[in-house]
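Count along the first sequence from 1, then add 24; that gives the number in the working numbering. All C-beta atoms in this analysis are idealised placements derived from N, C-alpha and C, irrespective of residue type, glycine included. Values in this document were obtained by computation on a predicted structure and should not be read as measured data.
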Amino acid sequence: MTSLKVHNSYSRQKEEFKSITPGHVGMYVCGPTVSGESHLGHARPFITFDVIYRYLIYLGYKVRYVRNITDAGHFEEEGREAEDKISKKAVIEKLEPMELVQKYTNLFHWAMHQFNNLEPSIEPTATGHIVEQIEMIKKIMADGYAYEVNGSVYFDVKKYAEKYPYGKLSGRVIDDLLETTRDLENQEEKKNKQDFALWKSAPAEHIMRWESPWGEGFPGWHIECSAMSTKYLGDEFDIHGGGMDLMFPHHESEIAQSNICNHKLPARYWLHNNMITINGKKMGKSYGNQIMLSQLFSGKHPLLQQAYSPMTIRFFILQTHYRSTLDFSNEALIAAEKGLKRLMEAYQELKKMEYDPSKERDEKLESLFYASGAELDDFMNDDFSTAKVLANLFSLVNHINSFKSGTLEKTTLSADCFAYVKSRFKIYIEDILGLKDENESEHSRLNGLMNLLIDIRKEAKSKKDYATSDKIRNQLQQLGILLKDEKDGRMSYQLE
RNA sequence: GGUUCCGUGGCCGAGUGGCUAGGCAAAGCUCUGCAAAAGCUUCUACAGCAGUUCGAAUCUGCUCGGAACCUCCA
């Protein structure tokens with residue numbers, strides 16, 4: 025068997041994965057900013073790293089998966105004013121940041137649950153770690169890599185870059201950064217344009233504020249991840265993940281901060297997922313082209329031809345490599361929906377199949393099953409090639425369906441081989457890819473009812489009373505229940 | 001403007017110096033009372049130009065087109 029190799033953004037190479045502490049993996053993934061609802065683009069990193077998390081567990085690692093909630097910053101909700109802080113409104117009328125943050129945190133958790141993502145081991149919030157962040161900033165200042173201006177603290181990138189390779193992760197040259205001229209608030213406070221805020225002094229109307237040695241304010245964007253990853257994973261940990269758009273300046277700055285505080289680069293392997301695009305453009309707030317997850321699930325968005333289930337989206341995302349862009353289109357999602365259905369139906373069929381010892385084995389076929397099953401690990405080991413895993417599963421789906429339709433005798437597999445294939449499917453579909461059968465509605469009553477109707481239809485068919493049998497099938501179809509006459513005389517049903 | 005990346009069949013998307021990715025769609029056939037599903041078969045692509053090579057979609061150069069980052073961003 026091959027060993028796990030991952031593409032490390034820091035070295036821009038595929039490297040063999042070796043954990044710092046044998047048997048353990050520490051993984052930090054940048055979580056959501058809970059000032060608004062998540063859209064399709066946000067789903068990608070969390071599904072990607074969920075599968076990575078699941079695969080590491082499958083490999084036998086004990087994984088501590090830390091994913092933060094960014095709930096500190098300059099937050100406003102549409103229709104409500106941030107000036108609440110100084111207005112004379114009653115407390116209950118004002119925008120309460122905690123209320124806002126709670127609302128979107130709940131929504132985020134709901135979406136993660138829909139996607140069947142495992143919960144991270146620790147989900148720390150930025151607001152819950154203000155003390156740690158302040159301590160870290162103090163350390164950086166004590167080392168001389170940060171300076172205070174008007175109650176704000178900035179990281180001295182220029183000084184850092186004299187000694188350390190600032191820009192290595194994102195491939196940036198410090199001198200190029202000097203060229204950019206952008207209008208940002210309080211730029212004149214900085215010594216150099218590329219410096220970034222560790223702590224920002226809060227203007228009177230700012231609703232999120234904490235006491236600090238530099239006055240009332242709030243933490244800069246990058247420091248929370250440094251503080252929380254250090255606290256829960258240590259000075260140096262194995263994997264740091266997030267979207268490619270975070271490489272600069274977020275992760276670059278994180279490296280600088282942690283490096284000054286801990287005298288170590290925080291993570292050994294930096295993994296970045298690529299963007300989801302729509303009509304070739306990145307989905308994002310500033311482009312105004314985002315489709316919220318709830319809209320995706322309900323189909324209520326002008327760009328959507330229909331609703332797409334969470335598993336369809338999960339499958340859609342896993343069909344491509346995580347480092348490639350993925351273009352959204354109704355056509356592509358409908359294709360994913362159908363493909364997923366075929367995969368899951370074959371899986372259900374496989375689960376029902378039984379070994380029959382009366383038939384002769386086909387060793388050639390057996391070795392094909394064994395080989396395909398074993399290959400799945402090789403694909404995952406190759407920088408988590410879920411696309412290849414799915415392609416391989418589909419080649420087995422073909423065989424399973426052949427068993428079902430009688431083109432192949434299922435009994436030509438030995439009992440061992442049968443058990444092996446079943447377990448591979450279970451491990452890969454359920455445990456690693458995290459796909460679950462959305463039609464598996466545990467309605468036992470519905471099941472009983474359907475069996476009754478199926479029995480009646482079978483009787484009608486045997487009497488060649490096709491009027492009755494068609495009536496049952498057609499009317500059920502109108503209710504969104506699809507009856508299928510199977511090859512062996514069985515009938516099955518499926519909720520549309 | 002700078003940095004990085006990409007351009008694959010009707011669509012989505014893997015991938016690699018020589019051998020079928022896969023999914024969806026389409027066509028034909030088989031099965032079936034009909035339908036659906038399924039199976040079999042067909043459709044054989046790598047932006048353009050030049051070069052390296054016995055051989056390139058895969059390497060090099062150029063051209064064209066697109067994207068991401070450089071600012072909040074998954």
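Which residue's Cα is closest to the Cα of residue i: the options?
{"i": "Tyr-184", "options": "Lys-375, Gln-157 and Asn-216", "result": "Asn-216"}
{"i": "Tyr-89", "options": "Gly-266, Glu-159, Leu-519 and Tyr-188", "result": "Gly-266"}
{"i": "Ser-333", "options": "Ala-150, Ser-59 and Leu-459", "result": "Leu-459"}
{"i": "Thr-57", "options": "Val-445, His-246, Glu-117 and Lys-383", "result": "His-246"}
{"i": "Leu-400", "options": "Tyr-371, Ile-456 and Ser-426", "result": "Ile-456"}
{"i": "Phe-428", "options": "Lys-376, Lys-86, Asp-199 and Tyr-452", "result": "The sequence shown places Lys at residue 428, not Phe. With distances taken between Cα atoms, Lys-428 lies closest to Lys-376."}
{"i": "Lys-362", "options": "Ile-337, Tyr-346 and His-275", "result": "Ile-337"}
{"i": "Thr-149", "options": "Val-173, Cys-249 and Arg-481", "result": "Cys-249"}
{"i": "Ile-302", "options": "Glu-260, Leu-357 and Met-271", "result": "Leu-357"}
{"i": "Glu-510", "options": "Asn-425, Arg-448 and Val-181", "result": "Asn-425"}
{"i": "Lys-214", "options": "Asp-199, Lys-182, Met-316 and Gly-241", "result": "Lys-182"}
{"i": "Lys-306", "options": "Asp-95, Asp-269, Thr-94 and Leu-519", "result": "Asp-269"}
{"i": "Tyr-79", "options": "Gln-499, Gln-319 and Lys-29", "result": "Lys-29"}
{"i": "Thr-492", "options": "Ser-194, Leu-119 and Ile-480", "result": "Ile-480"}
{"i": "Ser-348", "options": "Asp-407, Lys-324 and Lys-187", "result": "Asp-407"}
{"i": "Tyr-371", "options": "Lys-450, Lys-383, His-345 and Tyr-293", "result": "Lys-450"}
{"i": "Val-87", "options": "Lys-118, Lys-112, Glu-100 and Pro-46", "result": "Pro-46"}
{"i": "Tyr-379", "options": "Ala-360, Gly-323, Thr-436 and Ser-409", "result": "Thr-436"}
{"i": "Glu-143", "options": "Asn-92, Arg-366, Ser-322 and Val-197", "result": "Asn-92"}
{"i": "Leu-503", "options": "Thr-129, Tyr-77, Met-474 and Glu-117", "result": "Met-474"}
{"i": "Lys-118", "options": "Glu-229, Gly-191 and Asp-167", "result": "Glu-229"}
{"i": "Leu-124", "options": "Glu-355, Asp-95, Phe-139 and His-133", "result": "Asp-95"}
{"i": "Ser-145", "options": "Tyr-77, Tyr-128 and Met-515", "result": "Tyr-77"}
{"i": "Gln-343", "options": "Val-155, Asn-422, Ser-409 and Lys-38", "result": "Ser-409"}
{"i": "Gly-304", "options": "Tyr-346, Tyr-452 and Asp-351", "result": "Asp-351"}
Would you grab the beta carbon distance between residue i and residue j for me? Rounded to a whole angstrom, and I think it's under 8 Å.
{"i": "Leu-364", "j": "Met-335", "result": "6 Å"}
{"i": "Ile-505", "j": "Leu-519", "result": "6 Å"}
{"i": "His-63", "j": "Ile-315", "result": "6 Å"}
{"i": "Gly-241", "j": "Ser-176", "result": "7 Å"}
{"i": "Ile-300", "j": "Gly-65", "result": "5 Å"}
{"i": "Lys-412", "j": "Phe-403", "result": "4 Å"}
{"i": "Thr-579", "j": "Ser-282", "result": "A question about residue 579 goes unanswered here, because the residues of the chain that appear run from 25 up to 520."}
{"i": "Ser-27", "j": "Asn-405", "result": "6 Å"}
{"i": "Ala-251", "j": "Met-160", "result": "5 Å"}
{"i": "Met-523", "j": "Asp-461", "result": "Residue 523 lies beyond the range of the chain shown here (25 to 520); nothing can be said about it."}
{"i": "Asn-32", "j": "Tyr-293", "result": "5 Å"}
{"i": "Arg-448", "j": "Gly-397", "result": "4 Å"}
Alpha carbon to alpha carbon, what distance is there between residue j and residue i?
{"i": "Leu-567", "j": "Glu-61", "result": "As displayed, the chain neither begins before 25 nor continues past 520, which places residue 567 out of reach and without an answer."}
{"i": "Tyr-34", "j": "Gly-244", "result": "23 Å"}
{"i": "Gln-126", "j": "Glu-147", "result": "14 Å"}
{"i": "Thr-205", "j": "Gln-218", "result": "The predicted model places Thr-205 with a pLDDT of 48, which falls under 50 and marks its position as unreliable; any figure quoted below should be read in that light. Computed Cα separation, rounded: 10 Å."}
{"i": "Leu-470", "j": "His-153", "result": "49 Å"}
{"i": "Pro-69", "j": "Gln-329", "result": "25 Å"}
{"i": "Ile-279", "j": "Pro-290", "result": "6 Å"}
{"i": "Gly-55", "j": "Ser-353", "result": "26 Å"}
{"i": "Glu-212", "j": "Tyr-178", "result": "12 Å"}
{"i": "Asn-141", "j": "Ala-135", "result": "9 Å"}
{"i": "Ser-277", "j": "Met-271", "result": "9 Å"}
{"i": "Pro-189", "j": "Ala-114", "result": "51 Å"}
{"i": "Gln-499", "j": "Ala-484", "result": "15 Å"}
{"i": "Phe-340", "j": "Tyr-169", "result": "45 Å"}
{"i": "Gly-472", "j": "Gly-513", "result": "19 Å"}
{"i": "Met-122", "j": "Gln-319", "result": "25 Å"}
{"i": "Asp-207", "j": "Gln-157", "result": "Confidence in Asp-207 is poor, its pLDDT being 49 and thus under 50, which makes the residue's placement unreliable; the coordinate value appears in the next sentence. Looking at the two C-alpha atoms, the distance is approximately 27 Å."}
{"i": "Ala-359", "j": "Lys-163", "result": "53 Å"}
{"i": "His-274", "j": "Val-197", "result": "16 Å"}
{"i": "Glu-454", "j": "Asp-199", "result": "49 Å"}
{"i": "Ala-331", "j": "Arg-233", "result": "41 Å"}
{"i": "Ile-81", "j": "Lys-288", "result": "26 Å"}
{"i": "Gly-430", "j": "Leu-327", "result": "42 Å"}
{"i": "Val-155", "j": "Ala-166", "result": "16 Å"}
{"i": "Leu-317", "j": "Glu-355", "result": "18 Å"}
{"i": "His-133", "j": "Lys-487", "result": "54 Å"}
Quick check on the DSSP output: what are the complete beta strand (DSSP E) runs of length 3 or more inside the segment 329-383, in order along the chain? 350-352
Whether or not the segment 389-397 and the segment 438-450 are in contact is what I'm after, with contact meaning three or more pairs of Cβ atoms, one per stretch, closer than 8 Å; do they touch? yes
Scan the segment 414-491 and note each continuous alpha helix (DSSP H) run of 4 residues or more that stays entirely inside, going in chain order. 439-449 and 468-486
Pairs of beta-carbons, one from the segment 47-54 and one from the segment 303-323, closer than 8 Å: are there three or more? no
Taking the runs of the alpha helix (DSSP H) that are 4 residues or longer, which of them lie wholly in the segment 69-136? none
Could you tell me whether the segment 61-80 touches the segment 265-280, where touching means 3 or more Cβ pairs closer than 8 Å? Touching, yes, given that three or more Cβ pairs across the two stretches are closer than 8 Å.
Can you list the beta strand (DSSP E) stretches of 3 or more residues lying completely in the segment 168-234, in chain order? 170-173, 176-179 and 220-225
Length-filtered (4 minimum) alpha helix (DSSP H) runs lying within the segment 280-332: 317-322
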